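Taking it in order: structure first as structure tokens, then the write-up.
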């Protein structure tokens with residue numbers, strides 16, 4: 014079944030560690046996005062990509078980086094995690110059509126101690 | 006860029022009553038308006054959307070209306086049920102912004118049994 018997947022679903026890690034949050038989609042979508050969201054709160058776009066080798070920073074400044082080497086894969090990396098990075102990270106993708114509806118992954122809940 | 010605002014931020018309704026959430030947008034070129042529902046601990050999911058060439062769209066107990074002149078669109082939920090309790094996000098996009106969705110901050114809807 015075509016879907017968007019995120020791993021890990023939950024991550025508790027110490028300050029200073031490097032982490033990579035994985036996002037993969039089997040929907041054949043060109044566009045992918047990363048959002049940061051505190052539970053039940055506003056969605057903040059932190060990165061997006063319109064295709065392979067395309068990455069852009071979003072509306073919210075973030076210390077994370079992303080890469081897009083394959084269409085289906087859009088990992089997010091934090092070089093040195095801090096408690097302020099504690100949040101939920103949602104990955105999304107869209108097909109680039111006229112409506113360009115975004116579909117979300119299940120999210121990764123990150124806690125940095 | 007596009008700015009989307011949602012009102013009210015929290016809405017409590019008795020089970021069986023109707024709920025209405027209104028969103029306003031700033032860019033008159035916006036032509037696509039989706040609504041997402043996010044239940045506690047889950048991913049945002051598209052529940053209904055409307056394009057600017059129609060004024061209203063219905064799907065069972067939910068409907069969306071669009072007023073292009075006033076630049077606002079509303080989500081209507083009739084005969085509310087406890088499972089309608091969630092955070093609802095509206096969004097808007099237009100083709101000249103690479104179809105990037107601009108999300109509102111979300112409305113918490115609580116259906117009281």
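Protein chains in written order, with the working numbering: chain L, 14 to 126; chain F, 6 to 118. Here a beta-carbon is modelled for each residue, glycine too, at the ideal position from N, C-alpha and C. Model, not experiment: these values are computed from the prediction.
is_contact[residue 23 of chain L, chain F] using C-beta, thresh 9 angstroms: It does not: the Cβ of residue 23 of chain L has no partner Cβ on chain F nearer than 9 angstroms.
Strictly by DSSP, which residues pair up with residue 64 of chain F? F:67
Taking 9 angstroms as the CB-CB limit, is residue 30 of chain F close to chain L? no
Going by C-alpha distance, which of L:93, L:116, L:114 is nearest residue 32 of chain L? Selected option, being the one with the closest Cα: L:93.
Residue 106 of chain L in three-state terms, based on DSSP: DSSP places residue 106 of chain L in strand when its eight states are reduced to three.
Cross-chain neighbours of residue 111 of chain F in chain L, by beta carbon under 8 angstroms: 53, 54, 55, 56
Chain F partners of residue 103 of chain L, CB-CB under 7 angstroms? In chain order: 48.
For residue 36 of chain L and residue 101 of chain L, what's the separation of their Cα atoms in angstroms? Going by the C-alpha atoms only, they are around 13 angstroms apart.
Find out if the Cβ-Cβ distance for the pair residue 108 of chain L, residue 40 of chain L is shorter than 9 angstroms. yes
Evaluate residue 107 of chain F with the Cβ neighbour count: other Cβ atoms within 10 Å of its Cβ, from every protein chain shown; 16 or more gives buried, anything less gives exposed. buried
Along the chain, which unbroken stretches of the beta strand (DSSP E) at least 3 residues long are found entirely within the region 24-97 of chain L? List check, beta strand (DSSP E) in window: 32-38, 44-50, 57-64, 67-70, 89-91.
Could you list which residues in chain F have their beta carbon closer than 7 angstroms to that of residue 114 of chain L, in chain order? 39, 51, 54
Taking residue 84 of chain L as the reference, give the member of L:28, L:42, L:23 with the closest Cα. L:42
Could you tell me whether any Cβ in chain L is nearer than 9 angstroms to the Cβ of residue 106 of chain F? Chain L, which has a Cβ nearer than 9 angstroms to the Cβ of residue 106 of chain F, makes this yes.
With distance defined between alpha-carbon atoms, name the residue in F:47, F:14, F:76 nearest to residue 24 of chain F. The residue with the shortest Cα to Cα distance from residue 24 of chain F is F:14.
Measure the Cβ-Cβ separation of residue 68 of chain F and residue 83 of chain F and say whether it is below 9 angstroms. yes
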